[in-house]
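S.K.:
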Amino acid sequence: MNHYWIMTESGRIAIMPRPRGGDWLADDIGFLQTSGVGVIVSALTPDEIEELALAEEQSCCDARGLIFYSFPINDRSVPVSLSKFNEFLGSLNSELKKGLAIAIHCRAGIGRSSLIAACLLIKQGFVGEDALRLIEEARGVPVPDTQEQRDWIKEFEHLTANF
């Protein structure tokens, strides 16, 4: 299972494609745990979770002592609520401050996961374009998926500069 690390002074963040579902799910979660991941974040929607047989992801994480967050974002889209997203990122930032490595996944590990990772890096003081460059270097492909996602990251950076 591929995951792509972004190393920062605040901690380790990985983006990745979704874990394999069904019978493979526990193995993939176990692999992430042995790789040092302490927190798993899913950006999948309920329909995707069902389609990809990932309904047990939270319970697999719980069984291994991993923290699990679900923050659904529609594929190739952006978060619906800036305030809820900012609150969610605050929780992730707290996990990083505790020394926990975070793995963020969506379906392919390019669009939604890079949006979340970039905004988390912005919360830590990174410039948005620098955050995206770090993620692209780690992932090996251009991120995020859409111009809407890129514009949203820029808007997030602008809005959070005023917090």
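The opening residue of the sequence shown carries number -6 in this note's numbering; numbering runs sequentially from there.
Think of the CB as a built atom: it goes at the ideal place given N, C-alpha and C, for glycine as much as any other residue.
Since the structure is predicted, the reported quantities are computational estimates derived from the model, not experimental observations.
1. Counting pairs of Cβ atoms below 8 Å between the region 72 to 79 and the region 40 to 59, do you hit three or more?
2. Taking DSSP as the reference, what is the three-state secondary structure of Gly83?
3. On the criterion of 16 or more Cβ atoms from any shown chain inside 10 Å, does His159 qualify as buried, or is it exposed?
4. Since Ala58 is in the alpha helix (DSSP H), which residue starts that stretch and which ends it?
5. Who are the Cβ neighbours of Thr38 in its own chain at under 8 Å, not counting the five residues just before and after it?
6. Look up Arg5 in the DSSP assignment and say whether it is helix, strand or coil.
7. Are any of the Cβ atoms in chain D nearer than 8 Å to that of Gly14?
8. Ala7 and Ile97 look like a contact to me (Cβ under 8 Å); what is the Cβ gap, rounded to whole Å?
9. Taking Gly121 and Lys147 to be in contact with their CB atoms under 8 Å, please state how far apart those CB atoms are, rounded to whole angstroms.
10. Tell me whether the region 127 to 136 and the region 17 to 33 touch, counting them as touching only if at least three CB pairs, one residue from each stretch, are closer than 8 Å.
11. Taking buried to mean at least 16 other C-beta atoms within 10 Å of its own C-beta, is Met9 buried or exposed?
M.R.: In short, the structure shows the following:
1. These segments do not touch.
2. Under the three-state reduction of DSSP output, Gly83 falls in the helix class.
3. One cannot answer for residue 159 here, as it falls past the ends of the chain, which runs -6 to 156.
4. Checking the sequence shown, residue 58 turns out to be Gly, not Ala. Gly58: not part of any alpha helix (DSSP H); DSSP gives it neither H nor E.
5. Answer for Thr38: Pro65, Ile66, Asn67 and Asp68, listed in chain order.
6. In this structure, Arg5 counts as strand in the three-state DSSP scheme.
7. Absent from the structure: chain D. Only one protein chain is present.
8. Indeed they touch by this definition, with Cβ atoms about 7 Å apart.
9. Between Lys147 and Gly121 the Cβ distance is about 6 Å, and since that is below 8 Å, they are a contact.
10. Counting C-beta pairs with one atom in each stretch, the region 127 to 136 and the region 17 to 33 have fewer than three that are closer than 8 Å, which means they do not touch.
11. Counting the other CB atoms within 10 Å of its CB gives Met9 a total of 16 or more, which places it among the buried residues.
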